[in-house]
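Everything below concerns the one structure shown next.
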Amino acid sequence: MDIVILGLLMVQDLTVYQLNQAFKSGMALIYSASYGSILSAIKKLLALNEITFIELVENGRNKKIYHITEAGRAHFYQWMHADIDGNKLETMALCKVFFLGLIESDDDKKNILENIISSIIRMEESLNQLSQYLSHLQLTNEEKKLHGYQFKTLDYGIRSHGLAREWAQQLLDEL
1491 MDIVILGLLM
1501 VQDLTVYQLN
1511 QAFKSGMALI
1521 YSASYGSILS
1531 AIKKLLALNE
1541 ITFIELVENG
1551 RNKKIYHITE
1561 AGRAHFYQWM
1571 HADIDGNKLE
1581 TMALCKVFFL
1591 GLIESDDDKK
1601 NILENIISSI
1611 IRMEESLNQL
1621 SQYLSHLQLT
1631 NEEKKLHGYQ
1641 FKTLDYGIRS
1651 HGLAREWAQQ
1661 LLDEL
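Those letters in the sequence shown? Residues 1491 to 1665, per the working numbering, in order.
Structure follows, in C-alpha cells:
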C-alpha cells in the first residue's frame, strides 16, 4: 500500500480523496484500498518523512495535499529495483509494471522486467515441482474426488504464471 501511494504521488500531489479515487479507477484491478488503509499508510509515510503535505482552506474546508519527498522517491526507486516476494508476486509485478513509466532509463526498465520474469520463473518451477510430486501420489477414488479440484487450482496457478511470464517477456521485447 505504501509503495502504491508513493508511486501515485510520484505522478502528482494528491489529497486523500484523490488517492482513494486513483485506487478505485486505475489501480482497482491490481490493488484495492479503503479510506482507512490509505489514512494508515499516509500516517506511516509521514512518520518516515517519505511524504509531506500542505494544508489549504478551500470553500471553507481544510484540504491536505500530499507530496512525495526525496526520501520517498529513493524508497520508491529502491522498491522498483528490489526482488519480489513470492507470496505477493502477481500484485507486486503488476504494480511495478503499472509504474514502469516513471523509470527513465530503458536499461533500468529492462532490469526491472527481467527481475519480474525471474520471479515468475522461480514460482513456476516451484509449482511444477509440487505438481510432479502430487502426480506420483497413490490416491484412492475417494481421495481423487476430494483432491481433484484442488489439483485443478494448482493447474490454474501453473497456467496463469506461464501467461504472466509470456506477457512480461513481451513487454521486455518491446523495449
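The C-beta atom is built at its ideal place from N, Cα and C for all residues, glycine as well.
- Ranking Ser1621, Arg1551, Lys1578 and His1626 by CA distance to the CA of Ile1520 puts Lys1578 first.
- In this structure, His1557 is the residue among His1626, Tyr1623, Ala1531 and His1557 with its C-alpha nearest to the C-alpha of Phe1543.
- The Cβ neighbour count for Lys1635, taken over all protein chains shown within 10 Å, is under 16; the residue is labelled exposed.
- The residue among Val1547, Asn1631 and Trp1569 with its C-alpha nearest the C-alpha of Ile1602 is Trp1569.
- The three-state secondary structure of His1626, taken from DSSP, is coil.
- Nearest to Glu1656 by C-alpha distance, out of Ile1607, Gln1511 and Ser1530, is Ile1607.
- Cβ-Cβ separation between Leu1529 and Val1494: approximately 14 angstroms, too far for a contact (criterion under 8 angstroms).
- Apart from the 5 residues on each side of it in sequence, Thr1581 sits with its Cβ closer than 8 angstroms to the Cβ of Ile1520 and Tyr1521 in its chain, given in chain order.
- Shortest Cα-Cα distance from Met1491 to any of Lys1586, Arg1551 and Gly1638 involves Lys1586.
- With a cutoff of 7 angstroms on beta-carbon distance, Asn1510 and Tyr1525 are scored as near each other.
- Take the alpha-carbon of Gly1562 and the one of Leu1665: they are about 27 angstroms apart.
- A Cβ-Cβ contact shorter than 7 angstroms links Ile1593 with Lys1599.
- The DSSP-derived three-state label of Ile1558 is strand.
- Per DSSP, Leu1536 is one residue of the alpha helix (DSSP H) stretching across Tyr1525 to Ala1537.
- Among the bridge pairs identified by DSSP, Thr1542 is matched with His1557.
- When the alpha-carbon of Ser1609 is set against those of Asn1552, Gly1497 and Ala1658, the nearest one is in Ala1658.
- His1626 and Ala1518 have their C-alpha atoms spaced approximately 40 angstroms apart.
- Between Phe1589 and Gly1497, the C-beta spacing is below 7 angstroms.
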